[in-house]
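Trainee:
Protein chains: 2
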Amino acid sequence: MKFVYGFSEGKADMRDLLGGKGANLAEMTNLGVPVPPGFTVTTETCNAYLENKQKFPSGLEEQIWEALSALEKQQGKKFGDTQNPLLVSVRSGAKFSMPGMMDTVLNLGLNDEVVAGFAEKTGNSRFAYDSYRRFIQMFSDVVLGVEHHKFEEALDALKKEKELENDVDLTSENWQEVVLMYKKIVQKSLGKSFPQEPKEQLLLAIQAVFKSWNIPRARTYREIHKIDHHLGTAVNVQAMVFGNMGETSGTGVAFTRNPSTGEKKFYGEFLMNAQGEDVVAGIRTPEPIEGLKAVMPEAYAELEEIYQKLESHFRDMQDLEFTIEEGTLYLLQTRNGKRTAAAAVRIAVEMQEEGMISKKEAVSRIEANSLDTLLHPCLDPNQTKEIIAKGLPASPGAACGKVVFHADTAKEWSDKGKKVILVRKETSPEDIHGMHAAQGILTSCGGMTSHAAVVARGMGTPCVAGATDVIINPKAGKFTVNDTVVNEGDVITLDGTEGAVILGECKTIEAALSEEFETILRWADEIRTLQIRTNADTPEDAQRAMEFGAQGIGLCRTEHMFFDEERIRCMREMILSNTQAERIKAVDKLLPFQKQDFKDIFKIMKGRPVTIRLFDPPLHEFLPEKDKDVEDLAKDFGLTFEQVKDRAENLQEVNPMLGHRGCRLAITYPEILYMQTQAILEAACEVQKEGIEVKPEIMIPLVGKSEELDILAEKVRKIANKVLQESCPDLKYTVGTMMEIPRACAVANRIAGHAEFFSFGTNDLTQLTFGYSRDDVARFVPYYKEHGVLDADPFETLDQRGVGEVIKMGIERGRKVKPDLKIGVCGEHGGDPDSIDFFHREGFNYVSCSPFRVPIARLAAAQAAIRNR
Amino acid sequence: MKFVYGFSEGKADMRDLLGGKGANLAEMTNLGVPVPPGFTVTTETCNAYLENKQKFPSGLEEQIWEALSALEKQQGKKFGDTQNPLLVSVRSGAKFSMPGMMDTVLNLGLNDEVVAGFAEKTGNSRFAYDSYRRFIQMFSDVVLGVEHHKFEEALDALKKEKELENDVDLTSENWQEVVLMYKKIVQKSLGKSFPQEPKEQLLLAIQAVFKSWNIPRARTYREIHKIDHHLGTAVNVQAMVFGNMGETSGTGVAFTRNPSTGEKKFYGEFLMNAQGEDVVAGIRTPEPIEGLKAVMPEAYAELEEIYQKLESHFRDMQDLEFTIEEGTLYLLQTRNGKRTAAAAVRIAVEMQEEGMISKKEAVSRIEANSLDTLLHPCLDPNQTKEIIAKGLPASPGAACGKVVFHADTAKEWSDKGKKVILVRKETSPEDIHGMHAAQGILTSCGGMTSHAAVVARGMGTPCVAGATDVIINPKAGKFTVNDTVVNEGDVITLDGTEGAVILGECKTIEAALSEEFETILRWADEIRTLQIRTNADTPEDAQRAMEFGAQGIGLCRTEHMFFDEERIRCMREMILSNTQAERIKAVDKLLPFQKQDFKDIFKIMKGRPVTIRLFDPPLHEFLPEKDKDVEDLAKDFGLTFEQVKDRAENLQEVNPMLGHRGCRLAITYPEILYMQTQAILEAACEVQKEGIEVKPEIMIPLVGKSEELDILAEKVRKIANKVLQESCPDLKYTVGTMMEIPRACAVANRIAGHAEFFSFGTNDLTQLTFGYSRDDVARFVPYYKEHGVLDADPFETLDQRGVGEVIKMGIERGRKVKPDLKIGVCGEHGGDPDSIDFFHREGFNYVSCSPFRVPIARLAAAQAAIRNR
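Going down the list, the protein sequences come from chains P and S.
In my numbering, each number is its position in the first sequence, counted from 1, plus 1.
In my numbering, each number is its position in the second sequence, counted from 1, plus 1.
(1) Excluding the five sequence neighbours on either side, which residues of its own chain have a C-beta within less than 7 Å of the C-beta of Glu-622/S, listed in chain order?
(2) Mind pulling the chain P residues with CB within less than 7 Å of His-661/S?
(3) Are the CB atoms of Asp-320/P and Lys-339/P within a distance shorter than 8 Å?
(4) According to DSSP, is Leu-156/P part of a helix, a strand, or is it coil?
(5) Residues of chain S with CB closer than 7 Å to the CB of Lys-420/P, please, in chain order.
(6) Three or more C-beta pairs closer than 8 Å, one from the stretch 230 to 247 of chain P and one from the stretch 86 to 94 of chain P: is that the case here?
(7) Taking the beta carbon of Arg-218/S as the centre, do at least 16 other beta carbons fall within 10 Å, making it buried, or is it exposed?
(8) Give a yes or no on whether the C-beta atoms belonging to Val-748/S and Ser-707/S are separated by under 8 Å.
(9) For a test of the three-state rule: what should DSSP assign to Arg-336/S, helix, strand or coil?
(10) At the level of alpha carbons, what is the spacing between Glu-499/P and Pro-378/P?
(11) Residues of chain S with CB under 7 Å from Tyr-773/P, in chain order?
(12) Mind checking if Tyr-938/S is an interface residue toward chain P, Cβ cutoff 8 Å exclusive?
(13) Note down, in chain order, all residues in the stretch 760 to 771 of chain P with a beta-carbon under 8 Å from any beta-carbon belonging to chain S.
(14) Could you name each continuous alpha helix (DSSP H) segment of 4 residues or more that falls completely within the stretch 277 to 310 of chain S, going from the start of the chain to the end?
(15) Of all Cβ atoms in chain P, is any one closer than 8 Å to the Cβ of Asp-628/S?
(16) Could you work out which residues of chain B lie near Asp-647/S, taking near to mean beta carbons separated by less than 9 Å?
(17) Measure the C-alpha to C-alpha separation of Gly-437/P and Ile-602/P and round it to an integer number of angstroms.
(18) Out of Ile-569/P, Ile-554/P, Glu-650/P, which has the shortest C-alpha to C-alpha gap to His-561/P?
(19) Nearest to Ser-445/S by alpha carbon, out of Thr-462/S, Val-424/S, Tyr-847/S, Thr-324/S?
(20) Does the distance from the CB of Lys-386/P to the CB of Ile-510/P come in under 8 Å?
(21) Quick one: is Ile-712/S near chain P, going by C-beta distance under 8 Å?
(22) Using a threshold of 8 Å, state whether the C-beta atoms of Thr-30/S and Ala-235/S are closer than that.
(23) Taking a cut of 8 Å between CB atoms, which residues from the stretch 702 to 733 of chain S lie near chain P?
(24) How far does the beta strand (DSSP E) with Arg-425/P in it extend, from its first residue to its last?
(25) Just to confirm my understanding: we take Asn-370/S, look at its own chain, exclude 5 residues before and 5 after, and list those with CB closer than 7 Å. What are they?
(26) Within the same chain, show all residues whose beta-carbon is closer than 7 Å to that of Thr-410/S, passing over the 5 residues directly before and after it, in chain order.
(27) Grouping DSSP H, G and I as helix and E and B as strand, with all else coil, what is Gln-677/P?
(28) Quick one: what does DSSP say Glu-698/P is sitting in, helix, strand or coil?
(29) Does the separation of the CB atoms of Arg-134/S and Val-179/S fall below 8 Å?
(30) Output the distance between the C-alpha atoms of His-231/P and Lys-12/P, rounded to the nearest integer angstrom.
(31) List the whole-angstrom C-beta distance separating Glu-889/S from Ile-613/S, where the pair is believed to meet the contact cut-off of C-beta under 8 Å.
(32) Whose C-beta lies closer than 7 Å to the C-beta of Val-296/S among residues of the same chain, with five residues either side of it excluded?
(33) Determine whether the Cβ of Asn-656/S lies closer than 8 Å to any Cβ atom of chain P.
(34) For chain S, find out if any of its Cβ atoms is closer than 8 Å to the Cβ of Tyr-130/P; answer yes or no.
(35) Which residues mark the beginning and the end of the beta strand (DSSP E) in which Tyr-130/P is found?
(36) Starting from the C-beta of Tyr-268/S, find all residues in its chain whose C-beta is less than 6 Å away, skip the five residues before and the five after it, and write them out in chain order.
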């Protein structure tokens, strides 16, 4: 078994085995780029070591010595030699970059004797002893587990004693003294002396890197970034080069293009007579990379040539590390550079235009979710922020304003020109006007698909939801987080992208869409097969979604239309009626309003399909809660307070989520369905007569039994056909169902018989499949995510293993009966890239998401198509 | 195609084709029992007629005339003949008896001329014209659709005019006058005369019977009794015999054994000189069958011989109809007799002992659900009752008492020796003491598995749940149903078997178990393969269930144990604690209580398995709701009112069913789990040391992710093993999970890896699969049942088509990983016969149900084993 690869033996595509750093060092070596030579111990070796009770697999040591002696030959130096010693660095390097998470040892190979020879050889005794003390400090910390503050304290004490301010002020003698002190610290801490045998040092260092794979910060990093714990890390052993050997030495970091803007211009910084760690320590300020041209023109010219070569070779923007040792340039690392979303888009488009990559590659290069930052204002990162609470990143973007606790106040203050943040335990449809008026919304309960979250995303308003530490006391006009008290009128800032609540006002950066953004989405549209629709309840939503490229409306929730003052009165009249005749009379007053709603939307959508979900919420949402309002209502309708109160109480439910709503309400009280069907079809006819094509799709929610759909679809078709016969016989409409009840998936074969389409309502389906209430999950889902019970919030990204299985059952059984059944999704998952990949694979026809997710969905659908080709 | 079968051509096992009546008439004919001859038109003919736009299939008429002419030959009479006319009856007869639901025509074949000949032939003009007017009345009503009240009014007018009181007072002339009047009514109603052609009469009558299959009352009956609408009815055409031809004629109904008690003694009643309809009309009181011996000894002797022959032949208790025409006995019908549960049990056991049937047949003969009436007191049927409201039959039995609206009042009044009925919108664990104290429980919300229903069934207390018309106003101390007001202290009676609320006190009959009851259950135990366990939370429940034959406890809910005054204080202390240390301290105070609970139960169960479900409910159930109680609590713990109120509000959930409870609570706050595990194992060790075997099974509720079970099972095993190591190393326990979240079924393969058993919690699984809240379903499930959306309440009988599919997925995936995984059910469905059949077929190891359902489950499990052999 081969455990060790010389750099010349590897290639870029051996990342699994050699890690990202090792593979790219090998690739650079083979490209002829000057890289300090060395070798890589494979990730497999790491795994074998960790699985085998932290013992080296047999044969490994031999391979290491062999590689080391090759390195000695190449460098003309000897490891541990007192005349011409070879020093090496030992660095981790996993498949996916985990910056700063694992351990590194530099200057390895020094000991009390070697350092003397090294001093002589370099002619720089101060440099040699400084290197040695750095090595002892790093090795002791990383490999031996001696706490690094002990070394720092000792060094500080010495500097104080000698009245020296900076490290540069120390002489060779001072460093020699430091070395003695350091060795004593090791002796004292471990009860044994610092290892003097270079080979032992090397083996210990390699083991330490292996072990660092499993240290907590590394595990946490992998969990956050969804990196498999079983990959293991490789170890790169490389000849040391020094950027701190004088004025012809230096070190730097550079990007082949601007990682913030994407501009095609070499970008970076350097520092002369320094090692990488000095740059990190921030003692001296590095200079822009262009400055290197003046200082060392030859090295700069070589670097320019190399960066172009590397970018062409790797066909992506590169992040380089280099060191110049006494005039000689060495590349220490190259990797695909991290970049902002704006840069990613510009680089991808320009590289395609330069002929470097294909359109598909360009489309694949952009993390779909990152587009969010381009669509919403975000916080200026260059400011200090006092984060007082964290919640769920329920709707992206940044907003600041004065805290208010009531929707009415929000509206009132906003009308007066004040910017407000609406802070509520949770929101309900009654709060819509306040949510519209607010710059941002903060709730202490509820999850990613709570009312606040869904509505805020729809409106593009930043929202932090389920911030459980925020204790809201609307009566007292304040909220508290631990000891912090925030009063009504105080200014806070919400970072909906991160889920942070910040005290005071912060600077924000406005959103701006580039031409390249449009280009990349146009390419995505050419590639994807999934249709992208939007969830839109209002003409404004529909208009925005059309601008973002939606191909139809996948979910038009009609109930939000009922909360307008004039309309809610009719709803209340209906609820308080005693006979069907009275109910019909009350509901029919809503007909002209609804008709106008639909006409407006149909006109905007210009022949694109519009799926209208019939009335869904439970009736109690429409009755007032406060006694005062109940009294007003009773007076208005000539009833007693008791009568209205009784009715309201009678409608209360223990678990409204599982209660009398959706098709259950339509079956027992069909009046609303009658009115809505009439309104939809009359609106459709009138718009069609204006010469605008209309494609209404009527969707019946909450179906769990085929009988429910059978009964209601028949009612809908009867009314619809009557309207059409009278005015518009050639207009086509369809009737389908939300698939949001697990039972519906189990009996999808029976339901498909009555449905012209299925639209998976993945929010409710997730709620029921998990048994989680989206309004209450904030109590345990964050804990679950932190402790590895959940990989992700299932309301954010579809739980493919559980909910996905239920959906698959629904599709399979439905299409068994109707092979060409149109299938879509209209839950929040319709805008989530991972979920979109699933929907693509499972043969969905379309996904529907909030307007601001439409660009993301377009890109993600294209990526899914590429990935699953 | 053969549409018509002579009685001698049929057999008892041709019920599908000939209907129950026709098949048995044929069987009797072939047995040599005197049956008036005739023929049967098949059920297939009925279906063909109904499907073919109500047209006779071709060839049917010819077959009818052929059969009719055979009948004429046999009887030596001619149909429509004016000298010696053959009269026939035309009766419906479906596969399953639908008494009184469909139509019958007697005396068919009479017309204006035939009646004269009939009068002459019988020498009884009065009888002949009475027969003719009966025929006109019946035929016009049933076949021609003339409303029967018109005939009754005309007859009454004539009697008034002639000053005659009873029908028997009318002379032949009077009846002739009636005939004329009746014919005029027909002429006036239909605009055409009464059909005089006998063959036309016969064809019309047969068609009318066919059509009567689909009249609303028949459809409703079939829906109630779950009879397939596609079976159709047969039509029996039979020579008329007359029990009203004088003092040597008569008619009667008899049972071969007593249908109330099961006693083996001929039982029935008869009436001389009468037709069956006279008995029904109740004008004369029939006499006990024994009286016939004195009146007509020969006919009685023949009847005795026949009934014994029929019972032996049909091997079941028979319900006979007979007519004696001028001394000659005819059997008109035989069928398996309906009987009470007590009679069913006694007859089955005695018939087995007589060697007539096998044990398996005996076991199959008893409707398992009917045993319920033997286990609970029931209402004396011989009394008038004022039913003021209907609800769900949530827990069987009858109870009366004074109405109270608070659990505390219930306890208080009961302690003073008063019988009370607890009336609540819904109950919660806080009400347990009041529920225990009450004779019966009435709720206005909630379904068959609501808290009230489940607890009441467990205690054997009658309960009517979800009586939505009952509007409760506890503050005013009253409830109203429409205009009826019932005040606290008023007496009501509950019929939990029927779901009725009755005003005032009713007489009840106490439950009493017979020796035969024990015998039949012993036989059931020999046959069944499913184990029957019980749901028992207390030693009392456990004791009762053991007496009913439970083989273990399948569900011991531990949370009810926490509501005791002393204990709830500890729970509240825990909830109000700020640190884990404080919480552990509070919870540990519960340890001795819990340990004693478990010791008591283990001792009673004597080595039978006891599945203990760890803490399940959400914490807010343990905090008081009323401000007064909150204040007391705050004082008790040295907190402010605000602090306690805040905590309580913070724990409130929008949908508690889908909230922070079960394993979710155990993961975030593991203290209760630690304490409970400790208590279970310490209790087990102590009981084992007393020489009593113990089999604890620890069950983790609400698992939806395998990670949840993994984490918690590990914690449980760690604590358990520690306890065992210290005191009882050879004691065995298992750790398993409730399967009640749909997701758990989808990922059962992953969950099975951590579970030693699965126990399907079908209540919650039904709630989630349907998206129904068991506390709220009363709003629409009754409507759904009435209107055919639901066949049955899914909380009562398992929804095999939907929830069953989810369960099957769970079993299949679980056993794929662990082929011998123990699988049980602990929802309320564990006591439902239809559901038990499903559990048997799907390879469950056991079902668990409330103590009072154990006998039913034992029987149902045996029947399932027989049925699915």
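In this text, a Cβ means the ideal position worked out from N, Cα and C, and glycines have one as well.
Just so you know, these numbers come straight off a predicted model, no measurement behind them.
Mentor: Result, derived from the coordinates:
(1) Cβ-Cβ distances below 7 Å link Glu-622/S to Ser-429, Pro-430 in the same chain, with the five nearest sequence neighbours on each side left out; the list follows chain order.
(2) Listed by position along chain P, the residues whose Cβ is nearer than 7 Å to that of His-661/S are Asp-777, Arg-780, Phe-781.
(3) In terms of Cβ geometry, Lys-339/P and Asp-320/P form a close pair [threshold 8 Å].
(4) Secondary structure of Leu-156/P (DSSP, three-state): helix.
(5) Those within 7 Å of Lys-420/P in chain S number zero; the least Cβ separation is about 29 Å.
(6) With three or more CB-CB distances shorter than 8 Å, the stretch 230 to 247 of chain P counts as touching the stretch 86 to 94 of chain P.
(7) Exposed, since its Cβ has fewer than 16 Cβ neighbours within 10 Å.
(8) Val-748/S places its beta carbon less than 8 Å from that of Ser-707/S.
(9) In the three-state DSSP reduction, Arg-336/S falls in the strand class (E or B).
(10) Their backbone Cα atoms lie some 13 Å apart in a straight line.
(11) For a Cβ distance threshold of 7 Å, residue set Leu-659 of chain S lies close to Tyr-773/P, ordered along the chain.
(12) Outside the displayed range of chain S (2 to 870) lies residue 938/S, so it cannot be described from this structure.
(13) Residues passing the 8 Å Cβ filter: Asp-765, Gln-768, Leu-769, Thr-770, Phe-771.
(14) Counting only runs of 4 or more, we get 277 to 282, 292 to 296.
(15) Interface annotation, Asp-628/S: not in contact with chain P, CB-CB separation never under 8 Å.
(16) The displayed structure is made up of protein chains P and S, and chain B is not among them.
(17) One point to set straight first is that residue 437/P is His, not Gly, in the sequence displayed. Answer to the nearest angstrom: the Cα atoms are 19 Å apart.
(18) Per the Cα distances, Ile-569/P.
(19) Among Thr-462/S, Val-424/S, Tyr-847/S, Thr-324/S, the Cα nearest to that of Ser-445/S belongs to Val-424/S.
(20) Ile-510/P is positioned such that its CB atom lies no closer than 8 Å to that of Lys-386/P.
(21) It does; some Cβ of chain P falls within 8 Å.
(22) Thr-30/S places its beta carbon 8 Å or farther from that of Ala-235/S.
(23) Answer in chain order: Leu-703, Gly-705, Lys-706, Glu-708, Glu-709, Ile-712.
(24) Residues 421 to 425.
(25) Pro-834, Ile-857.
(26) Answer for Thr-410/S: no residue qualifies.
(27) Gln-677/P falls in the helix class under three-state DSSP.
(28) In the structure shown, Glu-698/P falls within a strand segment according to DSSP collapsed to helix, strand and coil.
(29) Yes, these two residues count as a Cβ contact at 8 Å.
(30) One C-alpha to the other measures close to 22 Å.
(31) The shown model of chain S, from 2 to 870, leaves out residue 889/S, and the question about it has no answer.
(32) Met-273.
(33) At least one chain P Cβ lies under 8 Å of Asn-656/S.
(34) No, Tyr-130/P does not count as interfacial toward chain S.
(35) No beta strand (DSSP E) holds Tyr-130/P; the alpha helix (DSSP H) holding it covers 126 to 140.
(36) Counting only Cβ-Cβ distances below 6 Å, and skipping sequence neighbours, we find Phe-256, Asn-259.
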